[in-house]
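Asks: I'd like to ask some things about the structure below.
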Amino acid sequence: MGGRFGYPSRSPYATTKRGLLGLTETLALELGEAGIRVNAIAPGAVDGERIQRVLRNRAETTGRSLEEVTVDALSIQALKRFVDPADIAAPALFLASDSARSITGQTIPIDGGSKSAQ
1 MGGRFGYPSR SPYATTKRGL LGLTETLALE LGEAGIRVNA IAPGAVDGER
51 IQRVLRNRAE TTGRSLEEVT VDALSIQALK RFVDPADIAA PALFLASDSA
101 RSITGQTIPI DGGSKSAQ
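Everything in the sequence shown is counted per our numbering, starting at 1 for the first residue and increasing by one.
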(Lines of atoms letter the chains of each structure in order from A and count residues from 1; the text may use other names and numbers.)
(Lines give C-alpha, C1' and ligand atoms only; values in the text may rest on other atoms or scores of the structure.)
Protein backbone atom coordinates (compact mmCIF):
# COMPACT_ATOMS: atom_id res chain seq x y z
CA MET A 1 0.00 0.00 0.00
CA GLY A 2 2.81 2.40 0.84
CA GLY A 3 3.95 2.29 -2.78
CA ARG A 4 0.59 3.44 -4.09
CA PHE A 5 0.20 6.55 -1.95
CA GLY A 6 2.19 8.27 0.76
CA TYR A 7 1.73 8.47 4.49
CA PRO A 8 2.78 11.30 6.81
CA SER A 9 6.08 10.56 8.58
CA ARG A 10 6.60 7.40 6.50
CA SER A 11 8.67 8.72 3.58
CA PRO A 12 11.40 6.03 3.73
CA TYR A 13 8.77 3.28 3.81
CA ALA A 14 6.71 4.76 0.97
CA THR A 15 9.83 5.41 -1.11
CA THR A 16 11.10 1.84 -0.85
CA LYS A 17 7.66 0.39 -1.60
CA ARG A 18 7.26 2.60 -4.66
CA GLY A 19 10.73 1.51 -5.76
CA LEU A 20 9.62 -2.11 -5.60
CA LEU A 21 6.71 -1.32 -7.91
CA GLY A 22 9.14 0.19 -10.43
CA LEU A 23 11.45 -2.79 -10.05
CA THR A 24 8.54 -5.13 -10.77
CA GLU A 25 7.72 -3.32 -14.01
CA THR A 26 11.36 -3.08 -15.09
CA LEU A 27 12.18 -6.72 -14.37
CA ALA A 28 9.07 -7.79 -16.29
CA LEU A 29 10.43 -5.96 -19.35
CA GLU A 30 13.97 -7.25 -18.91
CA LEU A 31 13.04 -10.88 -18.28
CA GLY A 32 9.98 -11.26 -20.50
CA GLU A 33 11.90 -12.58 -23.50
CA ALA A 34 13.14 -15.43 -21.32
CA GLY A 35 9.55 -16.30 -20.45
CA ILE A 36 9.91 -15.07 -16.88
CA ARG A 37 6.92 -13.23 -15.50
CA VAL A 38 7.35 -10.70 -12.69
CA ASN A 39 4.41 -9.43 -10.67
CA ALA A 40 3.89 -7.97 -7.21
CA ILE A 41 1.23 -8.18 -4.57
CA ALA A 42 0.55 -5.05 -2.53
CA PRO A 43 -1.27 -6.11 0.62
CA GLY A 44 -3.08 -3.70 2.85
CA ALA A 45 -3.29 -4.14 6.61
CA VAL A 46 -3.10 -7.89 7.20
CA ASP A 47 -4.97 -9.26 10.19
CA GLY A 48 -2.60 -10.68 12.76
CA GLU A 49 -0.20 -9.83 15.55
CA ARG A 50 1.57 -7.02 13.68
CA ILE A 51 -1.55 -4.95 13.00
CA GLN A 52 -2.78 -5.60 16.53
CA ARG A 53 0.55 -4.31 17.90
CA VAL A 54 0.32 -1.21 15.69
CA LEU A 55 -3.23 -0.54 16.87
CA ARG A 56 -2.31 -1.03 20.55
CA ASN A 57 0.62 1.39 20.16
CA ARG A 58 -1.60 3.92 18.40
CA ALA A 59 -4.17 3.64 21.20
CA GLU A 60 -1.50 4.17 23.85
CA THR A 61 0.11 7.16 22.14
CA THR A 62 -3.19 8.89 21.40
CA GLY A 63 -4.96 8.06 24.66
CA ARG A 64 -7.82 6.49 22.74
CA SER A 65 -9.31 3.04 23.18
CA LEU A 66 -8.22 0.09 21.06
CA GLU A 67 -11.75 -0.08 19.70
CA GLU A 68 -11.65 3.58 18.60
CA VAL A 69 -8.36 3.26 16.74
CA THR A 70 -9.52 0.01 15.15
CA VAL A 71 -12.71 1.69 13.89
CA ASP A 72 -10.57 4.52 12.47
CA ALA A 73 -8.22 2.07 10.75
CA LEU A 74 -11.13 0.19 9.20
CA SER A 75 -12.84 3.39 8.08
CA ILE A 76 -10.52 3.58 5.05
CA GLN A 77 -11.35 -0.01 4.09
CA ALA A 78 -14.23 -0.44 1.66
CA LEU A 79 -14.78 -3.95 3.06
CA LYS A 80 -14.41 -2.75 6.69
CA ARG A 81 -12.08 -5.59 7.67
CA PHE A 82 -8.38 -6.34 7.66
CA VAL A 83 -6.95 -8.59 4.96
CA ASP A 84 -6.84 -12.27 5.88
CA PRO A 85 -3.53 -13.98 4.99
CA ALA A 86 -5.50 -16.45 2.85
CA ASP A 87 -6.69 -13.47 0.78
CA ILE A 88 -3.07 -13.01 -0.26
CA ALA A 89 -2.20 -16.68 -0.77
CA ALA A 90 -4.88 -17.37 -3.37
CA PRO A 91 -3.84 -14.56 -5.78
CA ALA A 92 -0.17 -15.48 -5.26
CA LEU A 93 -0.92 -19.05 -6.31
CA PHE A 94 -2.87 -17.76 -9.30
CA LEU A 95 0.01 -15.50 -10.41
CA ALA A 96 2.41 -18.45 -10.13
CA SER A 97 0.14 -20.67 -12.23
CA ASP A 98 -0.18 -21.10 -15.98
CA SER A 99 -3.58 -19.40 -15.75
CA ALA A 100 -1.66 -16.13 -15.36
CA ARG A 101 0.80 -16.83 -18.19
CA SER A 102 0.00 -13.53 -19.91
CA ILE A 103 0.20 -11.38 -16.78
CA THR A 104 3.49 -9.65 -16.07
CA GLY A 105 4.67 -6.31 -14.75
CA GLN A 106 1.55 -5.87 -12.66
CA THR A 107 0.95 -5.01 -9.04
CA ILE A 108 -2.16 -6.55 -7.54
CA PRO A 109 -3.52 -4.59 -4.57
CA ILE A 110 -5.10 -6.82 -1.93
CA ASP A 111 -6.21 -4.17 0.48
CA GLY A 112 -9.91 -4.51 1.16
CA GLY A 113 -10.56 -1.52 -1.07
CA SER A 114 -8.47 0.95 0.94
CA LYS A 115 -7.88 3.30 -1.98
CA SER A 116 -11.53 3.08 -3.03
CA ALA A 117 -12.76 4.16 0.40
CA GLN A 118 -10.48 7.21 0.67
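The C-beta atom is built at its ideal place from N, Cα and C for all residues, glycine as well.
Comparing the C-beta of V69 with each C-beta of chain C, is any distance below 9 Å?
Replies: Reference to chain C is not applicable here, since this structure consists of a single protein chain.
Asks: For a test of the three-state rule: what should DSSP assign to P109, helix, strand or coil?
Replies: Position 109 of the sequence shown holds residue 109. Looking at P109 - three-state DSSP - the assignment turns out to be strand.
Asks: Assuming L20 and V38 are in contact, meaning their beta carbons sit under 8 Å apart, how far apart are those beta carbons, in whole angstroms?
Replies: On the sequence shown, residue 20 is found 20 positions in, with the first residue counted as 1. On the sequence shown, residue 38 is found 38 positions in, with the first residue counted as 1. The pair is not a contact, with the Cβ atoms about 11 Å apart (cut-off 8 Å).
Asks: Looking at the unbroken beta strand (DSSP E) that takes in I41, where does it start and where does it end?
Replies: The count along the sequence shown starts at 1 and reaches residue 41 at position 41. Run containing I41: 40-43, per the beta strand (DSSP E) assignment.
Asks: Would you kindly check if the distance between the Cβ of A100 and the Cβ of F94 is under 9 Å?
Replies: As a working note, residue 94 is residue 94 in the sequence shown. As a working note, residue 100 is residue 100 in the sequence shown. Cβ distance < 9 Å, so F94 and A100 count as in contact.
Asks: Whole angstroms is fine: what's the gap from R53's alpha carbon to K80's?
Replies: Your numbering for residue 53 matches position 53 in the sequence shown. Your numbering for residue 80 matches position 80 in the sequence shown. Looking at the two C-alpha atoms, the distance is approximately 19 Å.
Asks: For S65, collect the residues of the same chain with a Cβ closer than 7 Å to its Cβ; drop the 5 residues on either side in sequence, then sort them by chain order.
Replies: What you label residue 65 is simply residue 65 of the sequence shown in a count that begins at 1. Correct list, in chain order: A59.
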